[in-house]
Amino acid sequence: MMTTDSQLITIDDQNLVFHLHNQQISYLFRVIPEIGQLEQLYFGPAIQTPIDYHHLIVRDLRPADNQLTGDYTSSLEHIQQEYPCFGTTDFRQGAYAIKYPDGDYISEFKYQKFEITPGYLNLGELPHARYHDETATTLTITLQDAYSLLQILLHYTISQENAIIIRSTTFRNPDTTTSYHLQRALSFSLDLPDANYDLLHLHGAWAKEMQIERRHLMTGRMAIDSDRGASSHQHNPFLALARPDSTETQGLVYGATLLYSGNFLGQAEVDNYDVTRISLGISPTQFDWLLQPQSEFQTPEAVLTCSQTGLTGMSQAFQNFFCEHVIDQRWVDQPKPILINNWEATYFDFDEAKLLKLAQQAKALDLDLFVLDDGWFGKRDSDNSSLGNWTVDHHKLPAGLSHLASEVNQLGLKFGLWFEPEMISLDTPLAAEHPEWIVGHPQKRRSQGRNQYVLDFSNPDVVSAIFEQMAAILHSAAISYVKWDMNRYISEAFSTYLPAERQGEFYHRYIMGVYHLYHLLITEFPELLIESCAGGGGRFDGGILYYASQGWTSDDTDAVERLKIQYGASMLYPLQSMGSHVSAVPNHQVGRRTPLSTRAAVALFGTFGYELDITKLTATELAEIKAQIQFAKSVQPLIQKGKFYRLASPFTSNRPAWEVYDSETKTGLIGYYQILNPANPSYHRLQLRGLVPTQKYQLTEINLSNNTILSTEEVFGDELQNIGIILNKDYTNKAAEYWQRPQPTDFASRLFQLKTTE
Ligand code: GLA
21 MMTTDSQLIT IDDQNLVFHL HNQQISYLFR VIPEIGQLEQ LYFGPAIQTP
71 IDYHHLIVRD LRPADNQLTG DYTSSLEHIQ QEYPCFGTTD FRQGAYAIKY
121 PDGDYISEFK YQKFEITPGY LNLGELPHAR YHDETATTLT ITLQDAYSLL
171 QILLHYTISQ ENAIIIRSTT FRNPDTTTSY HLQRALSFSL DLPDANYDLL
221 HLHGAWAKEM QIERRHLMTG RMAIDSDRGA SSHQHNPFLA LARPDSTETQ
271 GLVYGATLLY SGNFLGQAEV DNYDVTRISL GISPTQFDWL LQPQSEFQTP
321 EAVLTCSQTG LTGMSQAFQN FFCEHVIDQR WVDQPKPILI NNWEATYFDF
371 DEAKLLKLAQ QAKALDLDLF VLDDGWFGKR DSDNSSLGNW TVDHHKLPAG
421 LSHLASEVNQ LGLKFGLWFE PEMISLDTPL AAEHPEWIVG HPQKRRSQGR
471 NQYVLDFSNP DVVSAIFEQM AAILHSAAIS YVKWDMNRYI SEAFSTYLPA
521 ERQGEFYHRY IMGVYHLYHL LITEFPELLI ESCAGGGGRF DGGILYYASQ
571 GWTSDDTDAV ERLKIQYGAS MLYPLQSMGS HVSAVPNHQV GRRTPLSTRA
621 AVALFGTFGY ELDITKLTAT ELAEIKAQIQ FAKSVQPLIQ KGKFYRLASP
671 FTSNRPAWEV YDSETKTGLI GYYQILNPAN PSYHRLQLRG LVPTQKYQLT
721 EINLSNNTIL STEEVFGDEL QNIGIILNKD YTNKAAEYWQ RPQPTDFASR
771 LFQLKTTE
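Residue numbers (our numbering): 21 to 778.
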């Protein structure tokens, strides 16, 4: 057997068996010699390269089905494939569909060659894995169509570091004369040999994103998707297949996500023989890409992981990967500014004096960044006006933005500004001048959402025009942060810029236009920190994180709700990507009153900030906030670098808890919450995870109200992991305290810190 052996990819050149492997995972497939198609052999926890692979092949005799070569065993319906096509004997959903000039969809792509290249793929402005990783290696398999010159290139990247395989596909048309319609182009497909899995995914709606749902697979299809023009509040582009007996800490779990912010489809299809096909990629709804002569279409990258340590292993693999290979490295290790945003403090009702009062107070509290949200431009006193008219409202800000920014700067704070670049209100000069730039058919219904319309970002002129307006503002004042919002989905999609035969390209071109504007902004303003937002978490995904290193996780700022939202988001996204703010009570979304300390104790596990009128607080509250900010600054490196452990779920427990632990500095932070306060409570212990068993730690309970220590003790790591933190008090000989103890409350929280003592 001849072999080609890069460190991470072993290839049996003769039998064309490909094995991608690192210490954690293995991915194995081969070329079926008789038909030249790719057969999936194994994806899972690491195995050595098999001595032989023949025993991995199963073919049962199923005479009732269609056969590719006249042989009972040649039905593709019964072969686990790598990148299947619907119809050529396989009746499950395919990964791609090409419409040929005769109107048929009959493809026959066969193995042609492989190539190994070092590093990750560079996909230009399409978000992709990046940054130096000397072990990263990419295997590209070229498939050649039997009926045309079309080629499919399947890319697989693996590196030593993470239990991650990155998959994507390039469709190449080398023909000089003929065009083809690409009508389905998923990023990957994977056939697993059984169906004993739960499907876990994140769903929601505005102000209740990232809700975890876990259901056992059924025969047939279970799908999540978005056809809204953005990845959406409704479904996150992520799915996991978990063995039913797998838990947070143990068992087999597969995870898949997309580095993409537009329409997507993710699904698990179980056939009648219990084979599970999972796939993820651009949504095929209304997708029709004209693959012109000598052109290519590149799918977004899908990121796959496999964990043997339950959901934690999956989440940590994704979180590491996002921090190391997706998020802009300039922001990954740098402390993020702790901000105050005026939205829930003032809404549209502000003037310079009011803002500066907020900023002064913010400085007194030692905040870093003052963010001016919606309402500073055009004549925007409510949400029905002025989007697309990015000129300062001189009624509210007579001295202009540069004056406001410099006043804020002089106070010692950075200044940030809200934009909603993709939107347009009909009362703007832009809408009058360029009605054709609005998404929709000029002679048909155009629905509005939040009183606004969407600009046609598939048209490069529109992107340039918005960039020019934004650049003028960003040059005019010292602005170091932008909150890029997007508050409605696209319906009645139509672009006056695209010819009829290219309308099916609209949604993808739109999101590429969004990425292009991000690219232009970052290039022109390299110091700019951008926070993405889409009515909260309507576009919180791996694609947007490539450009905006933090995202506003949800418009719901209630601490209890945020426990679920942030816990759900942590399934794959790192804490440092989740914007999380302390806001007022009663909370503006749910009317709940939670203690200030709990609001902070939840928001601390994210990119921390404030969003309330800090000029209307009592001296006690202000002192408390000052203490919180001081504490937040001290734990920021931990939040950015530490590993995240979910200890108890807010979806199932009245006492959710989580932990961040940095194995380098051997420091940790633990948040423990009690939603409702039970009478006569039971005993509770909180077992920690990820510690060094023999390490002596100082376990300190922090009083966030004044940043003081409530208690401290020295404990070994194994004790904290096996016995846990004892959460009840020992009242021996203190019976009288029953009458003096502080009244227990609902929505309580406790914070513990771990430090090494040697
Ligand atoms: C959206 C955002 C909010 C705020 C408003 C402003 O709802 O998610 O944070 O910026 O828009 O209109």
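C-beta atoms are modelled at their ideal positions from N, C-alpha and C, and glycine is treated no differently.
Give the range of the alpha helix (DSSP H) segment to which residue i is assigned.
i: THR618; result: 616–623
i: VAL534; result: 526–544
i: HIS495; result: 480–496
i: GLN343; result: A small correction: the amino acid at residue 343 is Cys; Gln does not occupy that position in the sequence shown. That run of the alpha helix (DSSP H) goes 330–345.
i: GLY588; result: 579–589
Going by CA-CA distance only, name the one from the options that's closest to residue i.
i: LEU96; options: ILE645, LEU28, ASP211 and THR160; result: ASP211
i: GLN34; options: THR776, PHE134 and TYR92; result: PHE134
i: TYR566; options: GLN203, ASP575 and TYR535; result: TYR535
i: SER787; options: GLY436, GLU321 and GLN648; result: Because the chain is modelled from 21 through 778, residue 787 falls outside the range shown and cannot be assessed.
i: ARG241; options: ALA288, LEU624, TYR703 and ASP124; result: ALA288
i: HIS601; options: SER168, ASN742 and ILE649; result: ILE649
i: ALA604; options: TYR587, ARG150 and TYR630; result: TYR630
i: GLN656; options: THR627, THR640 and THR672; result: THR627
i: GLY249; options: SER590, PHE560 and ALA568; result: PHE560
i: GLY286; options: ASN216, ALA337, ASP265 and SER207; result: SER207
i: THR269; options: GLY710, GLY744, ILE743 and THR776; result: GLY710
i: ASP353; options: LEU36, PRO594 and GLU739; result: PRO594
i: LEU771; options: ARG666, THR157, SER617 and ALA639; result: SER617
i: ILE531; options: ALA451, GLU547, SER26 and TYR509; result: TYR509
i: LEU81; options: HIS98, PRO65 and ILE71; result: HIS98
i: THR685; options: ARG666, ALA677, GLN660 and LEU706; result: GLN660
i: THR197; options: GLY301, LEU311 and ASP72; result: LEU311
Would residue i be called buried (16 or more neighbouring beta carbons within 10 Å of its own) or exposed?
i: SER731; result: exposed
i: TYR293; result: exposed
i: LYS228; result: buried
i: HIS454; result: buried
i: TYR538; result: buried
i: THR714; result: exposed
i: ASP91; result: exposed
i: ARG234; result: exposed
i: ASN479; result: buried
i: LEU407; result: buried
i: PRO519; result: exposed
i: ASN753; result: exposed
i: GLN43; result: exposed
i: VAL37; result: buried
i: HIS345; result: buried
i: VAL323; result: buried
i: THR24; result: exposed
What is the C-beta distance between residue i and residue j, in whole angstroms, given that I count them as a contact (C-beta under 8 Å)?
i: PHE258; j: LEU583; result: That pair is no contact at about 19 Å.
i: TRP438; j: VAL412; result: Not really, about 13 Å apart at Cβ, beyond 8 Å.
i: TRP351; j: ASP575; result: In fact, because the Cβ distance is near 23 Å, the residues do not count as touching under 8 Å.
i: ASP214; j: THR296; result: 7 Å
i: SER46; j: ILE67; result: 5 Å
i: ILE178; j: LEU28; result: 5 Å
i: ILE722; j: LEU708; result: 16 Å between Cβ atoms; not a contact.
i: SER127; j: ASP165; result: 6 Å
Beta strand (DSSP E) containing residue i: first to last residue?
i: TRP309; result: 309–311
i: HIS41; result: 37–41
i: LEU300; result: 296–302
i: ASP561; result: Premise fails: ASP561 is in no beta strand (DSSP E) and is neither H nor E.
i: ASP165; result: 157–165
i: GLY282; result: Taken as a continuous stretch (DSSP letters only), GLY282 belongs to no beta strand (DSSP E), as it is neither H nor E.
i: LEU394; result: In the sequence as presented, Leu is not what sits at residue 394; that position holds Asp. Where ASP394 is concerned, there is no enclosing beta strand (DSSP E), given that its DSSP letter is neither H nor E.
i: GLN203; result: 200–212
i: ALA243; result: 240–246
i: VAL51; result: 45–51
i: VAL502; result: 501–504
Legend entry - the segment 374–384 in contact with the segment 451–471 per 3-pair CB rule at 8 Å: no
Legend entry - Three or more C-beta pairs below 8 Å linking the segment 183–190 and the segment 119–135: no
Inset, instruction - Check whether the segment 212–221 touches the segment 158–172, taking contact to mean three or more Cβ pairs, one atom from each stretch, closer than 8 Å. - result: no
Legend entry - Touch test, the segment 351–364 against the segment 612–631, Cβ-Cβ under 8 Å, three pairs minimum: yes
Legend entry - Sufficient close CB pairs (3 or more, under 8 Å) joining the segment 119–132 to the segment 310–325: no
Legend entry - Stretch pair the segment 492–499 + the segment 418–428: three plus CB contacts closer than 8 Å: yes
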